[in-house]
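So the sequence shown is residues 0 to 209, counted in numbering that gives the first Met the number 0.
Note that beta-carbon positions come from the ideal geometry of N, C-alpha and C, so glycine has one too.
Predicted model only: the values in this text are computed from it and were never measured.
The structure under discussion appears below in the form of structure tokens.
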Amino acid sequence: MIEANSLDWQKSDGLIPAIVQDHATRQVLMLGYMNEEALAKTVETGKVHFFSRSKQRLWKKGETSGHTFKLISIAADCDKDTLLVEVKPKGPACHTGTVSCFGDDLAPGLGFLAHLRAIIRKRKKDNPKGSYVGGLMARAPKRPAQKVGEEGVEVAMAAVSESKAALKAEAADLLFHLMVLLESRDLSLEDVVGVLRKRHAVRAEKTGRS
Numbered sequence: 000m001i002e003a004n005s006l007d008w009q010k011s012d013g014l015i016p017a018i019v020q021d022h023a024t025r026q027v028l029m030l031g032y033m034n035e036e037a038l039a040k041t042v043e044t045g046k047v048h049f050f051s052r053s054k055q056r057l058w059k060k061g062e063t064s065g066h067t068f069k070l071i072s073i074a075a076d077c078d079k080d081t082l083l084v085e086v087k088p089k090g091p092a093c094h095t096g097t098v099s100c101f102g103d104d105l106a107p108g109l110g111f112l113a114h115l116r117a118i119i120r121k122r123k124k125d126n127p128k129g130s131y132v133g134g135l136m137a138r139a140p141k142r143p144a145q146k147v148g149e150e151g152v153e154v155a156m157a158a159v160s161e162s163k164a165a166l167k168a169e170a171a172d173l174l175f176h177l178m179v180l181l182e183s184r185d186l187s188l189e190d191v192v193g194v195l196r197k198r199h200a201v202r203a204e205k206t207g208r209s
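Below you can see the structure in the form of structure tokens.
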């Protein structure tokens, strides 16, 4: 974990801006400020703390709402005067009830897949009546595997003979069912990306190209 004495506390009169990011979706949730005490308390408890400039005191995120941030990691920027705090949020980040302090949109781009995975995991756990995912999970891994095979063929056919819109739709079906299949084996796309990263690192080392 980051060392407090490695940071430039003097540049902003003892306060350092802390950008808070959802560890799973990579969505920026809010901007707060930390002093040395807030940083120490965050590291010690695993719950994110800030220093309130308006109230001039230390405060724990979610101390009244219950919408806390579980600390995952903290990194400093190159100038050692800004922090990037990765968290697992419990509930909305903003006091207004929105997902982030920058609006209520779900994570942009590929970050939405983490949100989708959370839904799949909940369906797997709860198996609500009439749930499509719950039905697949009840017959896992065979039924999800079968669907991945079917959708893979449909993607290939769409790529060869159908429109881009059709290809996108079929690819979405394939990706969704692949996520269900992986979840049925307690895996995720993040695990798959980890394999790709390792392969890339090995090849980059061999070729000298990034």
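The beta carbon of R120 sits closer than 8 Å to the beta carbons of E182 from its chain, once the five residues preceding and following it are set aside; these are given in chain order. For M0, same chain residues with a beta-carbon under 6 Å away, outside a window of 5 residues either side, are V42 in chain order. Secondary structure of M178 (DSSP, three-state): helix.
When DSSP states are grouped into helix, strand and coil, E85 belongs to the strand group.
Annotation: A203 is outside any beta strand (DSSP E); the continuous alpha helix (DSSP H) that includes it extends over L188 to T206. Listed in chain order, the non-local C-beta contacts of T97 below 7 Å within the same chain comprise P91 and D103, local neighbours out to five positions each way being set aside.
A direct Cα-Cα distance of roughly 36 Å separates W58 from G193. Among the bridge pairs identified by DSSP, R56 is matched with S51. In the same chain as P143, and ignoring 5 residues on each side of it, the C-beta atoms closer than 8 Å to its own belong to L135, M136, H176, V179, L180 and S183, in chain order. In this structure, the beta-carbon distance from V47 to V86 falls below 8 Å.
Residue pairing by DSSP puts Y32 in a beta bridge opposite P16. M29 and D76 have their C-alpha atoms spaced approximately 17 Å apart. Going by C-alpha positions, A155 is about 45 Å away from T95. When DSSP states are grouped into helix, strand and coil, F101 belongs to the coil group. Burial check for V19: the Cβ neighbour count within 10 Å reaches 16 or more, so the residue is buried. Buried is the label assigned to P88, since at least 16 other Cβ atoms lie within 10 Å of its Cβ.
In this structure, DSSP gives S64 a state outside helix and strand, which the three-state scheme calls coil. H114: member of the alpha helix (DSSP H) spanning F111 to D125, first to last residue.
In the same chain as D125, and ignoring 5 residues on each side of it, the C-beta atoms closer than 8 Å to its own belong to G133, in chain order.
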